[in-house]
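Trainee:
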Amino acid sequence: MSRTPPARRLRLGMPRRMFSQVLLMQVAIAAGVAVLATGLFLAPLSDQLDDQAMRRALAIAQTTAAQPQLADELTSTCPSADGPVQAEAERIREASGAEYVVVMDMHGVRWSHTNPAEIGGRVSTDPQQALAGREVMQIDDGTLGRSARGKVPLRDAGGDIVGAVSVGIEYDSVRARLIHAIPGLFAYAGGAMAVGALAAYLISRRVQRQTRDLAFSDIAGLLAEREAMLHGIREGVVALDREGRIRLLNDEARRLLGLGDEAVGQPLGTALGEGRTTDVLAGTVGGTDLLTVRGQRVLVANRMPTDDGGAVATLRDRTELEQLGRELDSTRGLIDALRAQDHEHANRMHTLLGLLELEMFDDAVEFVGEVVGDHRATAEQITEKIHDPLLAALLVGKATVAAERAVALTVSDSTLFPDRLVDPRGLVTIVGNLVDNALDAVAGAPHARVEVELRAEGRTAVLRVRDTGPGIPAGHHELIFTDGWSTKEPPAHRGRGIGLPLVRRLAERQGGSAQVAQAEGGGAEFTIVLPEALAEPALTSPPEYGPARERSATTAKEEPR
Numbered sequence: 016m017s018r019t020p021p022a023r024r025l026r027l028g029m030p031r032r033m034f035s036q037v038l039l040m041q042v043a044i045a046a047g048v049a050v051l052a053t054g055l056f057l058a059p060l061s062d063q064l065d066d067q068a069m070r071r072a073l074a075i076a077q078t079t080a081a082q083p084q085l086a087d088e089l090t091s092t093c094p095s096a097d098g099p100v101q102a103e104a105e106r107i108r109e110a111s112g113a114e115y116v117v118v119m120d121m122h123g124v125r126w127s128h129t130n131p132a133e134i135g136g137r138v139s140t141d142p143q144q145a146l147a148g149r150e151v152m153q154i155d156d157g158t159l160g161r162s163a164r165g166k167v168p169l170r171d172a173g174g175d176i177v178g179a180v181s182v183g184i185e186y187d188s189v190r191a192r193l194i195h196a197i198p199g200l201f202a203y204a205g206g207a208m209a210v211g212a213l214a215a216y217l218i219s220r221r222v223q224r225q226t227r228d229l230a231f232s233d234i235a236g237l238l239a240e241r242e243a244m245l246h247g248i249r250e251g252v253v254a255l256d257r258e259g260r261i262r263l264l265n266d267e268a269r270r271l272l273g274l275g276d277e278a279v280g281q282p283l284g285t286a287l288g289e290g291r292t293t294d295v296l297a298g299t300v301g302g303t304d305l306l307t308v309r310g311q312r313v314l315v316a317n318r319m320p321t322d323d324g325g326a327v328a329t330l331r332d333r334t335e336l337e338q339l340g341r342e343l344d345s346t347r348g349l350i351d352a353l354r355a356q357d358h359e360h361a362n363r364m365h366t367l368l369g370l371l372e373l374e375m376f377d378d379a380v381e382f383v384g385e386v387v388g389d390h391r392a393t394a395e396q397i398t399e400k401i402h403d404p405l406l407a408a409l410l411v412g413k414a415t416v417a418a419e420r421a422v423a424l425t426v427s428d429s430t431l432f433p434d435r436l437v438d439p440r441g442l443v444t445i446v447g448n449l450v451d452n453a454l455d456a457v458a459g460a461p462h463a464r465v466e467v468e469l470r471a472e473g474r475t476a477v478l479r480v481r482d483t484g485p486g487i488p489a490g491h492h493e494l495i496f497t498d499g500w501s502t503k504e505p506p507a508h509r510g511r512g513i514g515l516p517l518v519r520r521l522a523e524r525q526g527g528s529a530q531v532a533q534a535e536g537g538g539a540e541f542t543i544v545l546p547e548a549l550a551e552p553a554l555t556s557p558p559e560y561g562p563a564r565e566r567s568a569t570t571a572k573e574e575p576r
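Per this note's numbering: the sequence shown ends with 576, consecutive numbering throughout.
#1: In terms of DSSP beta bridges, what is K166 paired with?
#2: Using the Cα positions of A202 and L39, report the straight-line distance between them to the nearest angstrom.
#3: Three-state secondary structure (DSSP) at G251?
#4: Would you kindly work out how many angstroms separate the C-alpha atoms of L424 and V465, rounded to a whole number?
#5: Based on DSSP bridge pairs, tell me the residues matched to F432.
#6: Using DSSP with H/G/I as helix, E/B as strand and the rest coil, what is L375?
#7: Got a sec? Which residues, its chain only, sit under 8 angstroms from I218 by beta carbon, not counting five neighbours each side?
#8: Between which two residues does the beta strand (DSSP E) harbouring S427 extend?
#9: Is it buried or exposed, D403, if we count other Cβ atoms within 10 angstroms and call 16 or more buried?
#10: What is the DSSP secondary structure of G174, counted as helix, strand or coil?
#11: Give a yes or no on whether 8 angstroms exceeds the smallest Cβ distance from R108 to chain D.
#12: In this structure, how does DSSP classify P131 when only helix, strand and coil are distinguished?
#13: Taking the alpha carbon of T483 as the reference point, which residue from R262, V467, L431, R474 has its own alpha carbon closest?
#14: Just list the residues that DSSP pairs A328 with in beta bridges.
#15: Which whole runs of the beta strand (DSSP E) in the region 516 to 558 are 3 residues long or more, in chain order?
#16: Cα separation between S95 and A102?
#17: So, for A563: in the same chain, excluding its five sequence neighbours on each side, which residues have a beta-carbon less than 8 angstroms away from its beta-carbon?
#18: Indicate whether the contact test is met: 3 or more Cβ pairs, each with one atom in the region 174 to 181 and one in the region 63 to 70, closer than 8 angstroms.
#19: Check for me: the beta strand (DSSP E) holding E472 runs from which residue to which?
#20: Do L283 and L296 have their CB atoms nearer than 8 angstroms?
#21: In three-state terms, what does DSSP make of R333?
#22: Return the chain-ordered list of same chain residues with a C-beta closer than 7 angstroms to the C-beta of A207, the five sequence neighbours on each side being excluded.
#23: Looking at the structure shown, is R363 part of a helix, part of a strand, or coil, going by DSSP?
#24: From P142, A534, A471, pick the residue whose C-alpha is nearest to that of P485; which is it?
#25: Quick one, are the C-beta atoms of I107 and I75 less than 8 angstroms apart?
#26: How should M375 be labelled, buried or exposed, when 16 other C-beta atoms within 10 angstroms of its C-beta is the threshold for buried?
#27: My assumption, with CB atoms under 8 angstroms, is that P99 sits in contact with M119. Please give the rounded CB distance.
#28: Just reading off the alpha helix (DSSP H) that V300 is part of, what are its end residues?
#29: Does DSSP put M40 in a helix, in a strand, or in coil?
#30: Cutting at 8 angstroms between CB atoms, please list the residues of its own chain near V279, excluding the five before and the five after it.
#31: Quick one: what does DSSP say P282 is sitting in, helix, strand or coil?
Following this line, the structure appears as structure tokens:
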């Protein structure tokens, strides 16, 4: 036999959905406020109605006592149901709607009453305060039941007290007014609660749409997962509001952009300053996988707008990839140069073999000397003027590549650079980028030429790279230093428009500058000034390169031991 599934229990308690919880809480609040407001209004209403009834009774009594003939009739007649005092009191009672109007003498004897049989008897409540000249308001019980009373003294024409007037308002009418007011109050309270419930429903529906009908626990879980994801991924995430202010930065974005917690809440321009990075994150520059440079880092940025008018931007660090791409370009250039040299070397070896077979030994010796001398002369020319080994090696390699591309790479006669660089690698990066750009600019042009000038002015390094290419238009002198701007087709493995912005940033980091101008005779001339790029001169002389160093070594060998 199959087991009967257990019956589902009815779950009592708060609903799970945010919409239901918010609606329930707001309806409860609206109902509580309506009940509280009704109770606070009803509590003093009874006292207010009592006070109004007593003041009304007192006002009728004052009006009655103000009748000029009433005091004379009280002192000149006897109490009777047909007397003038009774007639005047009944006229006032009927006109005012009071329960009773009682006129009494100084002994508390009634001269008027609603029930004529009570005329001539003493009043049921103490009249001494009114007979003593004081006005009295009170809720009290009498022969006609509970009533709101007002008592005033009755004075004659000379101002002497001759009696008192007591007026009563039926207390049941006061209670009836209170009971009559309660349904109206409940109607108003119900209407207010209905309006509050409708407003709560509309607000809850909006909350439901904005939270996608999630429960509070789901939202808390999503927030926890978001924090873990944002701080765990290796991409920078920057969230912006509709005003362009930063509202979120994960750890990687802080590292890549060099920002701290104080940047949250600031506009992009204030936190990052003006530049391409700010334009890319703000959406001024459109596109996907946009390249930008921040400090020494090459970043790839993508921006996605959000429904609330803001945006979320992601950043990837491509600094190492960009460096690898440049190294790959250099390696390819060297491979092309080696391939060309291998072909040229084979031709030279065939030439040398032919000379030897023809027994033209003197011509063979002269041919070998010329070949070796050309390469040696280029290396010696560079190392005699540039004493820093990294820069010298870089330019020797670039000269070889330039020769294979039919470009003359030379070092100017005014070049003289010592081996005292504080940051050799930074200057190597600058020189390599500028020489590569110059070689690209003059490639394929007749009589292509690139000239490098390096000078030391105290501790300041001045670099100039000139070429005979088409040059830079005057309107683009600053634009070429913008991240991602380039006139060349990008290679497959990386983007363009990174080298010159990186050169300027490296120069500005050392307090220097990077400028471009028109070279004499056409082409472009880049000038880089790096203050304090050189260390103070040492007491010892700098190392020698090239022929001078070889002459020193030869002299040392020839000296007797």
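Built from N, CA and C at the ideal position, the CB exists for glycine as well. The structure displayed is predicted, hence computed values, not measured ones.
Mentor: Let me lay it out:
#1: Position 151 of the sequence shown, counted from the first residue, corresponds to residue 166. Its beta-bridge partners are V151, S181.
#2: The residue labelled residue 202 in the question sits at position 187 within the sequence shown. The residue labelled residue 39 in the question sits at position 24 within the sequence shown. C-alpha separation (whole angstroms): 22 angstroms.
#3: The residue you call residue 251 lines up with position 236 of the sequence shown. It is a strand residue.
#4: Here residue 424 refers to the residue found at position 409 when the sequence shown is read from its first residue. Here residue 465 refers to the residue found at position 450 when the sequence shown is read from its first residue. L424 and V465 have their C-alpha atoms spaced approximately 5 angstroms apart.
#5: Stepping through the sequence shown from its first residue, residue 432 is reached at position 417. Per DSSP, I401.
#6: Counted from its first residue, the sequence shown places residue 375 at position 360. In the sequence as displayed, the identity of residue 375 is Met instead of Leu. Looking at M375 - three-state DSSP - the assignment turns out to be coil, as it is neither helix nor strand.
#7: Position 203 of the sequence shown, counting from 1, holds the residue named residue 218. Taken in chain order, the residues that qualify are V37, Q41.
#8: By one-based count along the sequence shown, residue 427 stands at place 412. Per DSSP, S427 belongs to no beta strand (DSSP E) and is neither H nor E.
#9: Taking the first residue of the sequence shown as 1, we reach residue 403 at position 388. It is buried - the Cβ of D403 has at least 16 other Cβ atoms within 10 Å.
#10: Taking the first residue of the sequence shown as position 1, residue 174 is located at position 159. The answer is coil: DSSP assigns G174 none of H, G, I, E or B.
#11: Structure shown: chain D not included; a single protein chain is present.
#12: Here the question's residue 131 lines up with position 116 in the sequence shown. Helix.
#13: Position 468 of the sequence shown, counted from the first residue, corresponds to residue 483. Checked all of R262, V467, L431, R474; the closest Cα to T483 is V467.
#14: Residue numbering aside, residue 328 sits at position 313 when the sequence shown is read from its first letter. Answer by DSSP bridge pairing, in chain order: V253, R318.
#15: Fully enclosed beta strand (DSSP E) runs of 3 or longer: 528 to 533, 539 to 545.
#16: Along the sequence shown, read from residue 1 onward, the residue named residue 95 stands at position 80. Along the sequence shown, read from residue 1 onward, the residue named residue 102 stands at position 87. About 10 angstroms.
#17: Locating residue 563 in the sequence shown gives position 548, counting from the first residue. Residue placement at A563 cannot be trusted, given a pLDDT of 43 that sits under 50; what the coordinates show is reported in the next sentence. For A563, where only same-chain residues beyond five positions count, the Cβ hits under 8 angstroms are E399.
#18: Touching, no.
#19: As a first step, residue 472 is located in the sequence shown; it is residue number 457 there, counting from the start. Per DSSP, E472 belongs to the beta strand (DSSP E) from 464 to 472.
#20: Reading the sequence shown from its first residue, position 268 is the one you call residue 283. Reading the sequence shown from its first residue, position 281 is the one you call residue 296. Going by C-beta atoms, L283 is nearer than 8 angstroms to L296.
#21: Reading the sequence shown from its first residue, position 318 is the one you call residue 333. Coil, per DSSP.
#22: Taking the first residue of the sequence shown as position 1, residue 207 is located at position 192. A49.
#23: Here the question's residue 363 lines up with position 348 in the sequence shown. Three-state DSSP puts R363 in a helix.
#24: For the purposes of this step, residue 485 is identified with residue 470 of the sequence shown, where counting begins at 1. That would be A534, whose Cα lies nearest to the Cα of P485.
#25: One-based indexing of the sequence shown puts residue 107 at position 92. One-based indexing of the sequence shown puts residue 75 at position 60. Taking 8 angstroms as the Cβ cut-off, I107 and I75 qualify as a contacting pair.
#26: Stepping through the sequence shown from its first residue, residue 375 is reached at position 360. Around the Cβ of M375, a 10 Å sphere holds fewer than 16 other Cβ atoms; the residue is exposed.
#27: Stepping through the sequence shown from its first residue, residue 99 is reached at position 84. Stepping through the sequence shown from its first residue, residue 119 is reached at position 104. Not confirmed; about 15 angstroms, so no contact.
#28: Against the sequence shown, residue 300 aligns to sequence position 285. Segment: none, V300 is in no alpha helix (DSSP H) and carries neither H nor E.
#29: As a first step, residue 40 is located in the sequence shown; it is residue number 25 there, counting from the start. M40: helix per DSSP, three-state reduction.
#30: Within the sequence shown, residue 279 is the residue found at index 264, counting from 1. Answer for V279: I261, R262, L263, L264, listed in chain order.
#31: Stepping through the sequence shown from its first residue, residue 282 is reached at position 267. The answer is strand: DSSP assigns P282 an E or B state.
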